[in-house]
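K.L.:
Dumping the structure here so I can ask a few things about it.
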Amino acid sequence: MAAQSFLVDFCDRWFDTDFALRPSSDYQCPINVFDEWLQQQSQSDLPDEGYTQHCGAATSVPVAEGNFDACIIAWSQSIGERSILQENGVVRIIVTSTNFAAPWFSSMEVLGKEWRDSEKWLETDRLHAPEGVNRMYHTSSNFWRYDTNERLLQTAYGAGAIALSFAAVILLVSSRSFTLTLFSVLSIGYVLIATIACLVGLGWSLGFLEAVCLAILIGISCDFVIHFSHAYAMHPGQQARDVRTKFALIHMGPSVLAAAATTMAGAIIMLFTEILFFGKFAVVLFMTIVHSTIGSFFVFLTITDCIGPSDPTKGVDYIVNKIRQWFAAKCSKSVSLREQDKT
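End of the sequence shown = 586 in my numbering, gap-free, step of one.
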């Protein structure tokens, strides 16, 4: 009985908030329409058959608990009301329609605030709701869009962080240099930021296709810088930074330029495709290669030529040698103890 009274009052409380609007000026929640129907039927000289058979002469909500399910189901079937969902004669769900204040095209900040406000209101109302009607929830295509875009944004940030982290590990292993790893990560970061800035400048917004393209972008953006970093570190002997930079430029530059030229040629061809994904991918690929070339030739090599290490592997080699010496000492000590035990 208390649950029914709670449902009757719920509609007015819900639509009294700033975020929930009635779908129309005369809209009433199903439970309130049912309440009016009971009042009409109880005063009618010729009540409906469903009322006389299932409602126990109820005059309004609340209805006797033993009659409620059968009565409201009979009402919904008599008028074709589809908001009452039942299973085996037991009401499971009552659907209430709502128009939210923020329109579909609202910004993510506005939709996010509306989601948090409405969810907070429902959480508070659940605490005071009787058992059986304390699990109400709300949903909206606005919030589906908001949640999808939030997940896409988090995925983009996460993919960027993962790419930079793994690129740093690969660079550290291949170049054996903390300094070159730092320079490379900065250069890759430039490629990501510059490419995304260009896409925003073209009027792009984050969607499914853009998220897929960005995931591919992140992998491509690391390539050229890693090649130059490896070439810089692999110059034999202790050489000045300008010598190492020149070595990397001469030995790796032509290959990088050739790769950039062929990739951009493929991207230009894809720009004229009619399938939307390939067109967007071509733009992302073209921008990525342009900024990867700039990032490797003008950002990375400029940094190494100005403040690059003359002996890039010195720090890592020192740590590795210390670890080897420590293990060698431990093994030698263990062998000595075993020989003493034998004697």
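A virtual CB, placed ideally from N, CA and C, is assigned to each residue, including glycine.
1) Measuring only the C-alpha atoms, how far is residue 430 from residue 475?
2) Is the distance from the Cβ of residue 324 to the Cβ of residue 273 below 8 Å?
3) Less than 8 Å separating the beta-carbons of residue 310 and residue 299?
4) Can you list, in chain order, the residues of its chain with a C-beta nearer than 8 Å to that of residue 494? Leave out the 5 residues immediately preceding and following it.
5) If distances are taken between C-alpha atoms only, which option among 244, 319, 468, 509 comes closest to residue 418?
6) Take residue 425 as the anchor and find which of 472, 443, 456 has the nearest alpha-carbon.
7) Have a look at residue 246 and residue 354 and give me their C-alpha separation to the nearest angstrom.
8) Would you mind working out which of 435, 339, 502, 278 sits nearest residue 530, comparing C-alpha positions?
9) Given residue 405, which residues of its chain have a CB within under 7 Å of its CB, disregarding the five upstream and five downstream residues?
10) Looking only at C-alpha atoms, which of 286, 444, 526 sits nearest to residue 460?
11) On the DSSP bridge assignment, give the partners of residue 343 in chain order.
12) Which stretch, first to last residue, makes up the beta strand (DSSP E) that contains residue 329?
13) Below 8 Å between beta carbons: does that hold for residue 322 and residue 332?
14) Compute the beta-carbon to beta-carbon distance between residue 423 and residue 519, rounded to the nearest angstrom, for a pair I have assumed lies under 8 Å.
15) When we look at the beta-carbon of residue 396 and count the other beta-carbons within 10 Å, is it buried (16 or more) or exposed?
16) Taking all protein chains shown into account, decide if residue 488 is buried (16 or more other Cβ within 10 angstroms of its Cβ) or exposed.
P.N.:
Once the coordinates are examined:
1) Along the sequence shown, one-based indexing puts residue 430 at 187. Along the sequence shown, one-based indexing puts residue 475 at 232. Whole-angstrom Cα-Cα distance: 15 Å.
2) Here the question's residue 324 lines up with position 81 in the sequence shown. Here the question's residue 273 lines up with position 30 in the sequence shown. Yes, the Cβ-Cβ distance between residue 324 and residue 273 is below 8 Å.
3) Start at 1 with the first residue of the sequence shown, and residue 310 comes out as number 67. Start at 1 with the first residue of the sequence shown, and residue 299 comes out as number 56. Their beta carbons are under 8 Å apart, which means residue 310 touches residue 299 by this criterion.
4) Against the sequence shown, residue 494 aligns to sequence position 251. Only 474 meet the Cβ criterion.
5) Along the sequence shown, read from residue 1 onward, the residue named residue 418 stands at position 175. Answer by Cα proximity: 468.
6) Here the question's residue 425 lines up with position 182 in the sequence shown. The candidate whose alpha carbon is nearest that of residue 425 is 472.
7) Within the sequence shown, numbered from 1, the residue matching residue 246 stands at position 3. Within the sequence shown, numbered from 1, the residue matching residue 354 stands at position 111. Near 31 Å, if we compare the C-alpha coordinates of residue 354 and residue 246.
8) Here residue 530 refers to the residue found at position 287 when the sequence shown is read from its first residue. Looking at the Cα atoms, 435 is the closest of the given residues.
9) Here residue 405 corresponds to residue number 162 of the sequence shown, with the count starting at 1. Counting only Cβ-Cβ distances below 7 Å, and skipping sequence neighbours, we find nothing.
10) For the purposes of this step, residue 460 is taken as the residue at position 217 of the sequence shown. The shortest Cα separation from residue 460 among 286, 444, 526 belongs to 526.
11) For this step, residue 343 is matched to residue 100 along the sequence shown. Bridge partners of residue 343: 263.
12) Working through the sequence shown from its first residue, we reach residue 329 at position 86. Where residue 329 is concerned, the enclosing beta strand (DSSP E) stretches over 327-330.
13) Residue 322 sits at position 79 when you count from the first residue of the sequence shown. Residue 332 sits at position 89 when you count from the first residue of the sequence shown. It is not a contact, given that the beta carbons lie outside the stated cut-off.
14) As a working note, residue 423 is residue 180 in the sequence shown. As a working note, residue 519 is residue 276 in the sequence shown. With 8 Å as the limit, residue 423 and residue 519 do not qualify as a contact, their Cβ atoms being about 40 Å apart.
15) Indexing the sequence shown from 1 puts residue 396 at position 153. Its Cβ having fewer than 16 others within 10 Å, residue 396 is exposed.
16) Locating residue 488 in the sequence shown gives position 245, counting from the first residue. Buried, since its Cβ has 16 or more Cβ neighbours within 10 Å.
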